[in-house]
Amino acid sequence: MTVLDGGDPVVDQPLLLQDRGGTPDTRIGLTDGEGREVFFEGVGPPPCNTQFVELPEREVSREVGCHDGGATESVEIDLAAVGDTA
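Residue numbering for the sequence shown follows our numbering, starting at 3 and increasing by one per position.
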């Protein structure tokens, strides 16, 4: 996952990855110098697991999709984009 603000990396930003399907759980991380954080999240077979990313210090929450197992996803969030709201 990469977090940007107007194309610039957001550094040292706490992130929460929330899996709200099946057995809900939350992963917590911190962006690096390039605005990236890697999460390993196991998702099972259909129905898919809907996942959200929250940036609590910026009061931003965004759905990053509904995923089944067996796939690797790269997600980019630009905080300057319309629709990235709490």
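Cβ coordinates follow ideal geometry from the N, Cα and C atoms, glycine included.
All of these numbers come straight from a predicted model, not from anything done at the bench.
Bridge-paired residues (DSSP) for Ser63: Glu56
Report the rounded CA-to-CA distance for Arg38 versus Glu65, giving the unit in angstroms. 17 Å
Closest by C-alpha distance to Gly35, when choosing among Val77, Gly67, Glu75, Asp10: Asp10
Own chain residues within Cβ distance below 8 Å of Asp7, not counting five before or after: Asp80, Leu81, Ala82
Could you pull out every residue in the same chain whose Cβ sits closer than 6 Å to the Cβ of Val77, ignoring the five residues on either side in sequence? Met3, Val66
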